[in-house]
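Notes for the one structure printed next.
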């Protein structure tokens, strides 16, 4: 084989290797994008305390390893509830208290056009309270 043929064959093999590497890189990139999307969905579900039926909790060892990995590389570590918190029943939503209705009639203005004086004394039996 001449030097030209050897060089052409070498370039063809390098070109094929580069093509395979680019294809593999693209496939891995797609796989990583899908994994990141799935992780984002799981984190959102954990924040919203939404657990799919039959979902298995991540073991504490794996969570610690993942936290350590991200911390060692200076990556952010999002705090999400652990499995016990996610599977615990939600406390009932606070019920807003309805305003207590005052029994009896509302005070009306008397002959002088004034309302009876307001006081928080519930034992006020003055004439103005009784008459008005």
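Residue numbers (the UniProt record's numbering): 1 to 132.
Beta carbons are placed, not taken as given, at the ideal position from N, Cα and C, and that holds for glycine.
In this text, all values refer to a predicted model and were calculated from it rather than measured experimentally.
Report task. Take residue 45 as the anchor and find which of 80, 62, 61 has the nearest alpha-carbon. Result -> In this structure, 80 is the residue among 80, 62, 61 with its C-alpha nearest to the C-alpha of residue 45.
Query raised in the report: How far does the alpha helix (DSSP H) with residue 72 in it reach, from first residue to last?
Result: Counting along the chain, the alpha helix (DSSP H) containing residue 72 begins and ends at 60-72.
Query - Within 7 Å, strictly: CB atoms of residue 83 and residue 55 - result: Between residue 83 and residue 55, the CB-CB gap reaches or exceeds 7 Å.
Report task. Let me know if residue 19 comes out buried or exposed under the rule of 16 or more other beta-carbons within 10 Å of its beta-carbon. Result -> Label assigned to residue 19: exposed.
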